[in-house]
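Notes follow the structure.
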Amino acid sequence: MIRSVRRTRRMLRLAGAGAAALISLSACSSSSDDSSAGGSDTSGSGSPKLSGSVTVFAAASLKESFTTLGKEFEKQHPGTEVSFNFGGSDTLAASITSGAPADVFAAASPRTMAIVTDRKNTVGTPATFVRNQLEIATLPGNPGKVSSLKDLTKAGLKVVLCDKTVPCGAAAQKALDAGRLKLTPVSYEQDVKSALTKVELKEADAAVVYKTDVKAAGDKVQGVEFPESAKAINDYPIARLKNAGNAPAAKAFIALVRSAEGRRVLGEAGFLEP
Amino acid sequence: MTSLGKPGTVARPRTGGPRRRRARGVPLPLLVPGVVALAFLLLPLLALLVRAPWGSLPDQLTSAEVWQALQLSLVTATAATGVSLVLGVPLAWLLARTDFPGRRLVRALVTLPLVLPPVVGGVALLLALGRNGVVGQWLDAWFGITLPFTTAGVVIAEAFVAMPFLVISVEGTLRAADPRYEEAATTLGASRFTAFRRVTLPLIAPGVAAGAVLAWARALGEFGATITFAGNFPGRTQTMPLAVYLALQNDPEAAISLSLVLLAVSIAVLAGLRDRWMTGA
């Protein structure tokens, strides 16, 4: 069930413009909740007790771990509600700069966070809370006998990469450059999940994705680590947004993400410590 | 429709009195929503034109990657239209002229790709024709043919989403066409196929042309099924809509320019076809 929901979401994201419209629509609807919640918060007793809803825009790769942390947050602070908007960091950044009201933004790359900070939409400097490393995803059992990044350049092996315009593609290119390798994939996919899907459906023999994606895919793919990935580690920054409707709750949520508990959950998903 | 869409041109007394009277007779409850609809359809396109980075447009136009994508788009959309014509017209004829059990159901199924989100269509194509697909694994094992990540795969994805437009359009025309011409031909000794070829086809040619243009336009703009089934590789499977989407990720201005190129080409082709084929349609 959860799987199918996730897949539908993924489909929506792929749908590009349509999805962007949907995202901004959902952002709008949560914004009205938000402002009313913020209002009741300030008119409340003034105690440190948190209430109302907090809206978090987060990179798609954070979906599993942030959903867990959101439930944890609601448990720790009864009366609060965390609503998430997961998507491509670029799309999220674009909707934030064009006015979509959110309290917290967690991006998959400093470049996408910079889009938001450049417009002065954040409070303070964004903090790196996790890092993500690349890994090769192969078919279960690794029939292509892939053991290094160089093996991906073998003839006859169908490899998919992310497009250079998205963070995972840029990172893959960096790793290939570090190993002085030239790789011609069969396709440059539009995001990391579609690259992974091609391997899950056995259409491609291997894909260069994140460790967290390999972990999330379970036994549908097999992960192969490669040393060049150390040269292309992605930092994930998190920041509170300026027009946050619920600043105290936003602060508390970021604190939870960066706490020992947050690191444990993110570590289990395959993220590296900052 | 034109009298609603362009009240200005209709009001101009081109052919004298009767026209003018018709323009005055346009009821307001039709005129107002009609004009709103026109504005609604044109406004986003106008916004594209207004915000287009005209300065960098020449650079975009001369970039090899854009030409490659544009060329691939035109070739694959035309090929997909060809496939749709060859297979779709006979299907439309079967649906309109024969009676078999479950015909209504088949007709509904034909329109399914219209409502299916194209990305889901792409996944469905992978499951059917992919290397590991229901049919695709035999194509791979027997003939060594794998369709995903190939230009042929792009044509298939585009034909999958575009063919229903053609089938529906041709079937509608067939139903409107008088079957007595065919019957007359067969009573005069023509076989049913000859009657179709010599009588029906010329009769429904405008409908076929209209359907083909619709299908071509749909194929040209196809994104979801293409990127899912055929992937994205410059020169092989990266059509214009894919290039536009990926440019949108980090350079929205480039995406706008690319869209304008696609828009200009499709308007030129459609306008050209309209004059040549579709007069009197």
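As given, the protein sequences belong to chains S and F, one line each in that order. Residue numbering for the first sequence follows my numbering, starting at 904 and increasing by one per position. Residue numbering for the second sequence follows my numbering, starting at 35 and increasing by one per position. Beta carbons: idealized from backbone N, C-alpha and C, even for Gly.
TODO: Give every residue of the same chain whose Cβ lies closer than 6 Å to the Cβ of F/Leu282, excluding the five residues on either side of it in the sequence, and list them in chain order.
DONE: Numbered from 1 along the second sequence, position 248 holds the residue referred to as residue 282 of chain F. Ala289.
- [ ] Check whether the Cβ of F/Thr273 lies closer than 8 Å to any Cβ atom in chain S.
- [x] In the second sequence, residue 273 of chain F corresponds to position 239, counting from 1. So, not an interface residue.
Task: Environment of F/Leu181 [buried if 16+ CB atoms lie within 10 Å] - done: Residue mapping note: residue 181 of chain F aligns to position 147 of the second sequence, counting from 1. So F/Leu181 counts as buried.
Open item on the list: Quick check on F/Ile261 - is its C-beta less than 8 Å from some C-beta in chain S?
Closed with: As a working mapping, residue 261 of chain F is identified with position 227 in the second sequence. It does: the Cβ of F/Ile261 has a partner Cβ on chain S nearer than 8 Å.
Open item on the list: Give me the DSSP bridge partner(s) of S/Gly990.
Closed with: Counting from one through the first sequence, the residue named residue 990 of chain S turns up at place 87. Per DSSP, S/Ala962.
Open item on the list: For a quick check, are the C-beta atoms of S/Thr1041 and S/Val1112 less than 8 Å apart?
Closed with: Here residue 1041 of chain S refers to the residue found at position 138 when the first sequence is read from its first residue. Here residue 1112 of chain S refers to the residue found at position 209 when the first sequence is read from its first residue. For the pair S/Thr1041 and S/Val1112, the CB atoms are not nearer than the 8 Å cut-off.
Task: At least 3 beta-carbon pairs within less than 8 Å: the region 163-182 of chain F vs the region 209-223 of chain F - done: no
Open item on the list: Among the candidates F/Val201, F/Phe263, F/Gln94 and F/Phe230, whose CA atom is the shortest distance from the CA of F/Asp212?
Closed with: Here residue 212 of chain F refers to the residue found at position 178 when the second sequence is read from its first residue. Comparing Cα positions, the closest option is F/Phe230.
Open item on the list: Going by C-alpha to C-alpha distance, which of S/Ala1005, S/Pro1140 and S/Arg1167 sits closest to S/Thr971?
Closed with: Your numbering for residue 971 of chain S matches position 68 in the first sequence. For S/Thr971, the nearest C-alpha among the options comes from S/Arg1167.
Task: Cβ contact check for the region 1152-1161 of chain S and the region 1083-1102 of chain S: 3 or more pairs under 8 Å - done: No, they do not touch.
TODO: Answer yes or no: does any C-beta atom of chain S fall closer than 8 Å to that of F/Gln283?
DONE: What you label residue 283 of chain F is simply residue 249 of the second sequence in a count that begins at 1. Taking a beta-carbon distance threshold of 8 Å, F/Gln283 counts as an interface residue toward chain S.
- [ ] Round the Cβ separation of S/Val1053 and S/Gly1082 to the nearest angstrom and send it over; I've been treating them as touching at under 8 Å.
- [x] If you number the first sequence from 1, residue 1053 of chain S lands on position 150. If you number the first sequence from 1, residue 1082 of chain S lands on position 179. According to the sequence as given, residue 1053 of chain S is Lys; it is not Val. Right, their Cβ atoms sit about 7 Å apart.
Task: beta strand (DSSP E) segment containing S/Thr1028, residue limits - done: Taking the first residue of the first sequence as position 1, residue 1028 of chain S is located at position 125. Taken as a continuous stretch (DSSP letters only), the beta strand (DSSP E) holding S/Thr1028 covers Thr1025 to Asn1035.
Task: Whether F/Val160 touches F/Thr262 by CB criterion (8 Å) - done: The sequence position of residue 160 of chain F within the second sequence is 126, counting from 1. The sequence position of residue 262 of chain F within the second sequence is 228, counting from 1. One point to set straight first is that residue 160 of chain F is Leu, not Val, in the sequence displayed. Contact: yes.
- [ ] Could you check which residue in S/Pro1140, S/Val1102, S/Phe976 and S/Lys966 has the C-alpha nearest to that of S/Asp1122?
- [x] Looking up residue 1122 of chain S in the first sequence gives position 219. Nearest to S/Asp1122 by C-alpha distance, out of S/Pro1140, S/Val1102, S/Phe976 and S/Lys966, is S/Val1102.
- [ ] Please decide whether S/Lys1105 counts as near chain F, where near means a Cβ-Cβ distance under 8 Å.
- [x] Position 202 of the first sequence, counting from 1, holds the residue named residue 1105 of chain S. Judged by the 8 Å Cβ criterion, S/Lys1105 is in contact with chain F.
- [ ] Kindly identify the DSSP beta-bridge partner or partners of S/Ile1157.
- [x] For the purposes of this step, residue 1157 of chain S is taken as residue 254 along the first sequence, with counting starting at 1. Answer by DSSP bridge pairing: none, since S/Ile1157 is not bridged.
- [ ] Determine, using beta carbons only, whether S/Asp1108 and S/Lys1061 come nearer to each other than 8 Å.
- [x] Reading the first sequence from its first residue, position 205 is the one you call residue 1108 of chain S. Reading the first sequence from its first residue, position 158 is the one you call residue 1061 of chain S. Yes, the Cβ-Cβ distance between S/Asp1108 and S/Lys1061 is below 8 Å.
Open item on the list: Could you tell me the alpha carbon to alpha carbon distance between F/Gly269 and F/Ala103, rounded to whole angstroms?
Closed with: Here residue 269 of chain F is taken as the residue at index 235 of the second sequence, counted from 1. Here residue 103 of chain F is taken as the residue at index 69 of the second sequence, counted from 1. F/Gly269 and F/Ala103: Cα-Cα distance of roughly 6 Å.
- [ ] Identify whether S/Thr983 lies in helix, strand or coil by the three-state DSSP scheme.
- [x] Sequence index remark: in the first sequence, residue 983 of chain S carries index 80 (1-based). In this structure, S/Thr983 counts as strand in the three-state DSSP scheme.
Task: Residues of its chain near S/Lys1145, where Cβ-Cβ distance is below 8 Å and the 5 sequence neighbours each way are ignored - done: As a working mapping, residue 1145 of chain S is identified with position 242 in the first sequence. Beyond the five residues adjoining it in sequence on each side, S/Lys1145 comes within less than 8 Å, by CB distance, of Lys1023, Asn1024, Thr1025 and Val1026 in the same chain, given in chain order.
- [ ] Could you confirm whether any beta carbon from chain S is found closer than 8 Å to the beta carbon of F/Leu208?
- [x] Taking the second sequence and counting its residues from 1, one reaches residue 208 of chain F at position 174. Cβ-Cβ to chain S under 8 Å: no for F/Leu208.
Task: Cα-Cα separation between S/Ala1030 and S/Lys974, rounded to whole angstroms - done: For the purposes of this step, residue 1030 of chain S is taken as the residue at position 127 of the first sequence. For the purposes of this step, residue 974 of chain S is taken as the residue at position 71 of the first sequence. Distance between the alpha carbons of S/Ala1030 and S/Lys974 is about 22 Å.
Open item on the list: Assuming S/Phe989 and S/Ala963 are in contact, meaning their beta carbons sit under 8 Å apart, how far apart are those beta carbons, in whole angstroms?
Closed with: As a working note, residue 989 of chain S is residue 86 in the first sequence. As a working note, residue 963 of chain S is residue 60 in the first sequence. 5 Å between Cβ atoms; contact.
TODO: Anything in the region 1058-1072 of chain S with a Cβ closer than 8 Å to a Cβ of chain F? List those residues in chain order, please.
DONE: Lys1061, Val1063, Asp1066, Thr1068 and Val1069
Open item on the list: By alpha-carbon positions, which one of S/Thr983, S/Met1016 and S/Val957 ends up nearest to S/Asn1137?
Closed with: Locating residue 1137 of chain S in the first sequence gives position 234, where the first residue counts as 1. Of the candidates S/Thr983, S/Met1016 and S/Val957, the one whose C-alpha sits nearest the C-alpha of S/Asn1137 is S/Met1016.
Task: Min CB distance S/Leu1099 to chain F below 8 Å - done: Indexing the first sequence from 1 puts residue 1099 of chain S at position 196. No, S/Leu1099 lies away from the interface with chain F (no Cβ there is under 8 Å from its Cβ).
TODO: To the nearest angstrom, report how far apart S/Thr1020 and F/Ser107 are at their CA atoms.
DONE: Mapped onto the first sequence, residue 1020 of chain S falls at position 117. Mapped onto the second sequence, residue 107 of chain F falls at position 73. Between S/Thr1020 and F/Ser107, the C-alpha separation is close to 38 Å.
Open item on the list: In whole angstroms, give me the CA-to-CA distance for F/Ala186 and F/Thr271.
Closed with: In the second sequence, counting from the first residue as 1, residue 186 of chain F sits at position 152. In the second sequence, counting from the first residue as 1, residue 271 of chain F sits at position 237. Each residue's alpha carbon lies about 9 Å from the other.
TODO: Please list, in chain order, all residues of the same chain as S/Ser946 whose beta carbon is under 7 Å from its beta carbon, the five residues on each side excluded.
DONE: For this step, residue 946 of chain S is matched to residue 43 along the first sequence. In this predicted model, S/Ser946 has a pLDDT of only 36, less than 50, meaning its place in the structure is not dependable enough to derive any value.
- [ ] Flag this pair as touching only if the region 195-202 of chain F and the region 119-127 of chain F have three or more C-beta atom pairs under 8 Å; answer yes or no.
- [x] yes
Task: Host beta strand (DSSP E) of S/Ile1141 (start-end) - done: For the purposes of this step, residue 1141 of chain S is taken as the residue at position 238 of the first sequence. Asn1137 to Leu1144 is the span of the beta strand (DSSP E), which, as asked, contains S/Ile1141.
TODO: Would you verify that the beta carbon of S/Gln1093 is, or is not, closer than 8 Å to some beta carbon of chain F?
DONE: Taking the first sequence and counting its residues from 1, the one referred to as residue 1093 of chain S is at position 190. By this cut-off, S/Gln1093 is an interface position.
TODO: For F/Phe267, decide whether its Cβ has a neighbour in chain S, counting only Cβ atoms nearer than 8 Å.
DONE: Counted from its first residue, the second sequence places residue 267 of chain F at position 233. So yes, F/Phe267 belongs to the interface.
Task: Any chain F beta carbon closer than 8 Å to S/Ser1012 - done: Mapped onto the first sequence, residue 1012 of chain S falls at position 109. Not one chain F Cβ lies under 8 Å of S/Ser1012.
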